[in-house]
Amino acid sequence: MLYLTAHHPEEFGLIPDKDDFLKVKEIFQVLIFTKKAHNLKLDTLKNLFSYYFRDFFDFSDNLSLIKAKERFYSPPQEVDFNFIFRLKQLWTFVKPWMWYKLSLEEILYFQKPLPLFTEKELAEKWAKIKGALLIEVLPNFLDPEGRYQIFGQKVVLTEILPFKACRGPNINQKFIQKYFKNKEPQHKKESPLKLLQELSQELTQPQEDLPFRKITYGKKKEKPWKSWQKKRQKERER
């Protein structure tokens, strides 16, 4: 446990915050994917820290964060872009909604540093744990003006990620149906030209197609706009 938290957390992809605290949940996840513990539960691990390991660790109030009282690893060190540029390949993981957002906005800024891994296998494990997508990152397409830190030999930390530097799943209708089945993702704003074309079609459509109330002479009157709205909705979905 001390090797994991006090000596080489970077070997397992554990990133301390600015106060050197690690997330207990992520330590738990590492113990699971490295098969260091079997049938372990998160609450059990918290109890171990609070009772059996309390002489070696400091804790947050709710036991969600811990840090070793003695730490032997070097903190992340800032490096210039030339160092990053010389790296051949990096990998990271992002949630499907974030990958979709990145494709729309073309660049994302992070309040907490995003880890980029030099080992694909380590990134794959974290992607699986987090239910995220594995993304390849090409260092030469990263932002030269960005701030980068190296943590050990396996982790690069960045606060900015451009879409052009990433290689991941194609964002198409199949992707949207898979990851956004029950909710509609945000779309790019429609171009003014497309809006003008739709407006022109509405103004030039046949008079009988406009949504006026029909006179039914004693029969139940149709609700205005109802059938017309259905037709317009079908046209937009094509």
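Each residue of the sequence shown is one higher than the one before, counting from 180 in our numbering.
Heads up, the beta-carbon is just placed ideally off N, CA and C, and yes, glycines get one too.
As the structure is a prediction and not an experimental result, all values here were calculated from the model.
Strictly by DSSP, which residues pair up with residue i?
| i | result |
| --- | --- |
| L244 | K202 |
| L210 | The partner list for L210 (beta bridge, DSSP) is empty, contrary to what the question assumes. |
| Y288 | I339 |
| W270 | F296, E315 |
| D237 | K246 |
| Q328 | E257, L336 |
| R346 | E315 |
Mark residue i as exposed unless 16 or more other C-beta atoms lie within 10 angstroms of its C-beta, in which case mark it buried.
| i | result |
| --- | --- |
| E369 | Reliability fails at E369, whose pLDDT of 47 lies under 50, so the model's placement of it is uncertain and no value is given. |
| Q418 | In the structure displayed, the chain extends from 180 to 417; residue 418 sits before or after that span and is not available. |
| E189 | buried |
| I206 | buried |
| Y231 | exposed |
| L193 | buried |
| L181 | exposed |
| F330 | buried |
| N263 | In the sequence as presented, Asn is not what sits at residue 263; that position holds Ile. Buried, because 16 or more other Cβ atoms sit within 10 Å of the Cβ of I263. |
| T213 | exposed |
| L378 | In this prediction, L378 has a pLDDT of 48, which is less than 50 and means its spatial position is unreliable; what the coordinates show is noted afterwards. Label assigned to L378: exposed. |
| P254 | exposed |
| Y288 | exposed |
| T223 | exposed |
| K304 | buried |
Under 8 Å between the Cβ atoms of residue i and residue j?
| i | j | result |
| --- | --- | --- |
| L312 | W278 | yes |
| E315 | Q268 | yes |
| D237 | K225 | no |
| F272 | K309 | yes |
| T297 | Q332 | yes |
| I355 | I286 | no |
| V258 | Y358 | no |
| L295 | T337 | yes |
Of the residues the options, which one's Cα is nearest the Cα of residue i?
| i | options | result |
| --- | --- | --- |
| D199 | I314, I355, E298, T184 | T184 |
| P348 | A216, K360, S282, L295 | S282 |
| F320 | I355, F260, Q332, V334 | F260 |
| F251 | H186, D322, K357 | H186 |
| F228 | N218, D196, I211, K204 | K204 |
| I350 | K280, W305, D234 | K280 |
| L266 | A216, N218, L293, L317 | L317 |
| K291 | V335, E249, W270 | V335 |
| K248 | A216, L201, K215, K274 | L201 |
| K274 | F191, A306, F235 | A306 |
* Would you be able to state if there are at least three C-beta pairs under 8 Å between the region 240-247 and the region 343-351? => In short, these stretches do not touch, since the Cβ pair count stays below three.
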